[in-house]
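Asks: I have a structure I would like to understand better, so I am pasting it below and will then ask my questions one at a time.
Number of protein chains: 2
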Amino acid sequence: MTPYVLVVEDEDALATLLDYNLMKEGFRVERAADGEEALLRVAEEPPDLVVLDWMLPKVSGVEVCRQLRAGSETRRTPVLMLTARGEEADKVRGLDTGADDYVVKPFAMSELVARIRALLRRTRPELMEERLEYADLVLDRARHRVTRGDKDVHLGPTEYRLLDFLMQRPGRVFSRERLLDAVWGANTYVEVRTVDVHVGRLRKALRREGEPDLIRTVRSAGYALDLEG
Amino acid sequence: MTPYVLVVEDEDALATLLDYNLMKEGFRVERAADGEEALLRVAEEPPDLVVLDWMLPKVSGVEVCRQLRAGSETRRTPVLMLTARGEEADKVRGLDTGADDYVVKPFAMSELVARIRALLRRTRPELMEERLEYADLVLDRARHRVTRGDKDVHLGPTEYRLLDFLMQRPGRVFSRERLLDAVWGANTYVEVRTVDVHVGRLRKALRREGEPDLIRTVRSAGYALDLEG
DNA sequence: CGGTCTCACGACACTTTTGCGACAGCGCCG
DNA sequence: CGGCGCTGTCGCAAAAGTGTCGTGAGACCG
Chain Z
2 MTPYVLVVED EDALATLLDY NLMKEGFRVE RAADGEEALL RVAEEPPDLV VLDWMLPKVS
62 GVEVCRQLRA GSETRRTPVL MLTARGEEAD KVRGLDTGAD DYVVKPFAMS ELVARIRALL
122 RRTRPELMEE RLEYADLVLD RARHRVTRGD KDVHLGPTEY RLLDFLMQRP GRVFSRERLL
182 DAVWGANTYV EVRTVDVHVG RLRKALRREG EPDLIRTVRS AGYALDLEG
Chain G
2 MTPYVLVVED EDALATLLDY NLMKEGFRVE RAADGEEALL RVAEEPPDLV VLDWMLPKVS
62 GVEVCRQLRA GSETRRTPVL MLTARGEEAD KVRGLDTGAD DYVVKPFAMS ELVARIRALL
122 RRTRPELMEE RLEYADLVLD RARHRVTRGD KDVHLGPTEY RLLDFLMQRP GRVFSRERLL
182 DAVWGANTYV EVRTVDVHVG RLRKALRREG EPDLIRTVRS AGYALDLEG
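Just so you know, the sequences run in chain order Z and G. Per our numbering, the very first residue in the first sequence carries number 2; after that it's consecutive. Per our numbering, the very first residue in the second sequence carries number 2; after that it's consecutive.
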């Protein structure tokens, strides 16, 4: 979980307010003060959703949006536009910009949050799911609790996030690099092999006598959550 | 309980009176002196109910009400209008604009409180629940009393509110930030770690020889009311 | 069937996060 | 006033979790 939202807004006070409130709502937030910085950050780590001010220094919101649509990694990243009252609201509505939704300033924070939630639910339902299941494994995000066949499994924070990520796409193989990005965050500097260690720990925690191993190692490729080790 | 009521009233004496009385009745109260401030506060933290003066500087009560109805988060927030005597004719329109109830100034405080209670009971029954239970824990809101297995538990005001909040969703994990918002109020500036201290105090107060700890710590995530520490 | 590569795993030193006792400040009440 | 109950902050020690390394077992390849 912890969807990653990039807030692109030049007005500092508003950016801070957004940051604070979205953080509070359980999102991971990064900020960019202009279009240029926004594109840099997106390149660093593609966000799950972008909140984009219409008017921006250097590269305008519309242009940022266009470029997002051009990138293969970000083509489907939902964009929520912030527009001032009279400001070209019709154009945004017209959707020529490629924004998926918009709110008009000034807006209620609660409305913004609701719209963000709605967008994410539409585009990335697995991020919003309260409960992930695979085989006899259950991960309950609200309770922050993992069980395997009714028995509680205790995980450290990192193993928990790792499992959460793997459970979003069971069966799929992820490279160590991909896992580092997803679980540790894009700009953390950690040995790649550290992933092995945590996968090992997760395996151990998930291990049940007689039950099959749920994590599959794909030699020289990565790991996957999968019946049949 | 501790429903959060936003009082929007420009006349200072009346606002203070309302604040004082509602507080006394067990509500958490915030004040806004005009429509603009009201909308800001609502954006910060959506209240459980709004007491709204009909006549307001900057943005009128009707307009505030209309905007509340526009926000998806606040669409269902009950609004209680305060109208002056001469504004009788406007009563109907007040209800047209989406207010859920109204009282005519001057009014008896007890009537206002009764109407607030009625509205909340209708819209947010879980907030008005008289009695919360979990395991052998009982929190009686009417008596403002907590017992664990027949034995009285003494709590300070903060621990009481904290427990009340946790008991509304047992098992769920709340971050320290979320708890600060819910228990201390959204715009109070208190160290995050203070939550730990109060959780600690609550734990101690709830502790019974031989019984399990009812509060679960989730490392790097928060706390939950839960059997099975 | 060796030579490589890759991975699992235990050990360990280091960080981060929590629990807790101590303490000073505050508002209230007799 | 002076005590009392409550609060918020500190600092420290314990607990829990983290990242790196070395070793050895197995997998893959020609």
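Even glycine gets a Cβ: it sits at the ideal position worked out from N, Cα and C.
Return yes when the Cβ of GLY223/Z is within less than 8 Å of the Cβ of PHE175/Z, no when it is not.
Replies: The residue given as residue 175/Z occupies position 174 in the first sequence. The residue given as residue 223/Z occupies position 222 in the first sequence. Yes, the pair counts as a contact, with Cβ atoms nearer than the cut-off.
Asks: Look at HIS199/Z and VAL219/G and say whether their C-beta atoms are less than 8 Å apart.
Replies: The residue given as residue 199/Z occupies position 198 in the first sequence. The residue given as residue 219/G occupies position 218 in the second sequence. No, Cβ-Cβ distance for HIS199/Z and VAL219/G is not below 8 Å.
Asks: Suppose contacts are defined by Cβ-Cβ distances below 8 Å. Is PRO47/G in contact with GLU10/G by that definition?
Replies: Mapped onto the second sequence, residue 47/G falls at position 46. Mapped onto the second sequence, residue 10/G falls at position 9. No, the Cβ-Cβ distance between PRO47/G and GLU10/G is not below 8 Å.
Asks: So which residues on chain Z does VAL219/G lean against when the C-beta distance must stay under 7 Å?
Replies: Numbered from 1 along the second sequence, position 218 holds the residue referred to as residue 219/G. Going along chain Z in sequence order, the residues near VAL219/G (Cβ under 7 Å) are HIS145.
Asks: Rounded to the nearest angstrom, what separates ARG208/Z and ASP214/Z at their Cα positions?
Replies: The residue labelled residue 208/Z in the question sits at position 207 within the first sequence. The residue labelled residue 214/Z in the question sits at position 213 within the first sequence. ARG208/Z and ASP214/Z: Cα-Cα distance of roughly 6 Å.
Asks: Between ARG177/G and ALA225/G, what straight-line distance do the alpha-carbon atoms span, to the nearest angstrom?
Replies: By 1-based counting over the second sequence, the position of residue 177/G is 176. By 1-based counting over the second sequence, the position of residue 225/G is 224. Looking at the two C-alpha atoms, the distance is approximately 11 Å.
Asks: Measure the CB-CB distance between ASP49/Z and PRO4/Z and report whether it falls below 8 Å.
Replies: Taking the first sequence and counting its residues from 1, one reaches residue 49/Z at position 48. Taking the first sequence and counting its residues from 1, one reaches residue 4/Z at position 3. The answer is yes: Cβ separation under 8 Å.
Asks: Let me see if you follow: with CB-CB separation under 8 Å, is ALA14/Z close to chain G or not?
Replies: Stepping through the first sequence from its first residue, residue 14/Z is reached at position 13. For ALA14/Z, the answer is no, since every Cβ of chain G falls outside 8 Å of its Cβ.
Asks: With DSSP run on the structure shown, which of helix, strand or coil describes MET110/G?
Replies: As a first step, residue 110/G is located in the second sequence; it is residue number 109 there, counting from the start. Of the three classes helix, strand and coil, the one that applies to MET110/G here is helix, per DSSP.
Asks: Would GLY62/Z be called buried (16 or more neighbouring beta carbons within 10 Å of its own) or exposed?
Replies: Locating residue 62/Z in the first sequence gives position 61, counting from the first residue. Classification of GLY62/Z: buried, given that the 10 Å Cβ count is 16 or more.
Asks: When the Cα atoms are used, what is the spatial distance from PRO158/Z to GLY201/Z?
Replies: The sequence position of residue 158/Z within the first sequence is 157, counting from 1. The sequence position of residue 201/Z within the first sequence is 200, counting from 1. So the alpha carbons of these two residues sit roughly 14 Å apart.
Asks: I need the straight-line Cα distance from ALA44/Z to GLU37/Z, nearest angstrom please.
Replies: Here residue 44/Z refers to the residue found at position 43 of the first sequence. Here residue 37/Z refers to the residue found at position 36 of the first sequence. For ALA44/Z and GLU37/Z, the distance between alpha carbons rounds to 11 Å.
Asks: What is the DSSP secondary structure of ARG232/G, counted as helix, strand or coil?
Replies: The shown model of chain G, from 2 to 230, leaves out residue 232/G, and the question about it has no answer.
Asks: Tell me whether ALA85/Z is buried or exposed, calling it buried when 16 or more other Cβ atoms sit within 10 Å of its Cβ.
Replies: Residue numbering aside, residue 85/Z sits at position 84 when the first sequence is read from its first letter. Burial call: exposed.
Asks: Is the region 161-172 of chain G close to the region 6-22 of chain G, with three or more CB pairs under 8 Å?
Replies: Segments in contact, no.
Asks: Go ahead and label THR78/G buried or exposed: buried means 16 or more other beta carbons lie within 10 angstroms of its beta carbon, across all protein chains shown.
Replies: Within the second sequence, numbered from 1, the residue matching residue 78/G stands at position 77. Label assigned to THR78/G: buried.
Asks: On the DSSP bridge assignment, give the partners of ALA33/Z in chain order.
Replies: Taking the first sequence and counting its residues from 1, one reaches residue 33/Z at position 32. For ALA33/Z, which the question treats as bridged, DSSP gives the partners VAL9/Z.
Asks: For ASP151/Z, does the count of other Cβ atoms within 10 angstroms reach 16, so buried, or fall short, so exposed?
Replies: Residue 151/Z sits at position 150 when you count from the first residue of the first sequence. Classification for ASP151/Z: exposed.
Asks: I need the straight-line Cα distance from THR189/G to ARG194/Z, nearest angstrom please.
Replies: Indexing the second sequence from 1 puts residue 189/G at position 188. Indexing the first sequence from 1 puts residue 194/Z at position 193. Their Cα atoms are separated by approximately 44 Å.
Asks: Within 10 angstroms of its Cβ, does LEU163/Z collect 16 or more other Cβ (buried), or is it exposed?
Replies: In the first sequence, counting from the first residue as 1, residue 163/Z sits at position 162. With 16 or more Cβ atoms within 10 Å of its Cβ, LEU163/Z is classed as buried.
Asks: Rounded to the nearest angstrom, what separates LYS25/Z and GLU160/G at their Cα positions?
Replies: Within the first sequence, residue 25/Z is the residue found at index 24, counting from 1. Within the second sequence, residue 160/G is the residue found at index 159, counting from 1. If you take the alpha carbons of LYS25/Z and GLU160/G, they lie about 22 Å apart.
Asks: Quick one: Cα of LYS237/G to Cα of GLU31/Z, how far?
Replies: Because chain G is modelled from 2 through 230, residue 237/G falls outside the range shown and cannot be assessed.
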